[in-house]
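The next block holds one structure in the form of structure tokens; read it before the comments.
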Amino acid sequence: DAGVIQSPRHEVTEMGQEVTLRCKPISGHDYLFWYRQTMMRGLELLIYFNNNVPIDDSGMPEDRFSAKMPNASFSTLKIQPSEPRDSAVYFCASSPPDREILTGELFFGEGSRLTVL
Amino acid sequence: KNQVEQSPQSLIILEGKNCTLQCNYTVSPFSNLRWYKQDTGRGPVSLTIMTFSENTKSNGRYTATLDADTKQSSLHITASQLSDSASYICVVSLDSNYQLIWGAGTKLIIKP
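Line by line, the protein sequences give chains A and B. Its first residue numbered 1, the first sequence is counted upward by one per residue in my numbering. Its first residue numbered 1001, the second sequence is counted upward by one per residue in my numbering.
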């Protein structure tokens, strides 16, 4: 069974450009998470969805960041306009249906390494 | 404030040796604690989960312990292998709502 699939794996762009990161969660998983990882701050939750509905976006740093989940098998994280401080590895993770989500295991993709020059 | 602190920040040991990684948390109300392994350039992968009532749990050469009274957990790696080189991240779940408190991780390097 395929895991969480993210694209692109690497993205180098210039400040001010739009960046779109893509994620395909594991089939049957109801929860989808977007995380950002940096050396300074570790893993930070940006937003998560349940059944395609955004539940908590309090971690989204600014209005420049937006995320969508148009269907159960696809999600995007968009940064517009991008800035050098957005440089990080962005992870998508999914989790199976679980009445007690607190015990749910997160299954991470390989990540998208973003560099904004 | 809900926090998870891991120590050491980094660790270098020789192949075949044992090591122990520490995780201290000030999270309430506590639900469970997970250890993840993150290889360089990859996403984290769950190693084990500890619930409030569990003291020790093993997964091959990895053994996790939990002391809910002192709010400490440890991950012990026995007979380390080169493939154990990775970051190990401790994550604590709150019982009151969906929220995960992530530690900064311990970077482990195994040298031949």
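Ideal placement from N, C-alpha and C gives every residue a C-beta, glycine not left out. Remember, predicted model here, so these are calculated numbers, not experimental data.
Can a CB atom of chain A be found closer than 7 Å to the CB of B/Gly1060? no
So, is the C-beta of A/Leu43 closer than 7 Å to a C-beta in chain B? yes
With a cut-off of 8 Å on the beta carbons, I'd call B/Arg1042 and A/Glu105 a contact; round off their distance for me. Their Cβ separation, rounded to whole angstroms, is 16 Å, which puts B/Arg1042 and A/Glu105 out of contact at 8 Å.
Of all Cβ atoms in chain A, is any one closer than 7 Å to the Cβ of B/Ser1085? no
Would you say the beta carbon of A/Thr38 is closer than 6 Å to some non-hydrogen atom of the ligand MG? Among the components modelled here there is no ligand, and therefore nothing to report on the ligand MG.
Quick one: is A/His29 buried, meaning 16 or more other Cβ sit within 10 Å of its Cβ, or exposed? buried
Going straight from the alpha carbon of A/Arg64 to that of A/Pro81, what length do you get? 6 Å
Can you tell me the Cα-Cα spacing of B/Ser1073 and A/Asn52, whole angstroms? 35 Å
Note down the Cα distance separating B/Pro1112 from A/Ile26, rounded to an integer number of angstroms. 37 Å
Could you tell me the alpha carbon to alpha carbon distance between B/Ile1101 and B/Asn1002, rounded to whole angstroms? 7 Å
Is the CB of A/Phe49 under 7 Å away from at least one CB in chain B? no
Quick check on the DSSP output: what are the complete beta strand (DSSP E) runs of length 3 or more inside the region 1036 to 1083 of chain B, in order along the chain? 1045 to 1051, 1056 to 1059, 1062 to 1067, 1072 to 1077
Count the other CB atoms within 10 Å of the CB of A/Phe33; is the residue buried (16 or more) or exposed (fewer)? buried
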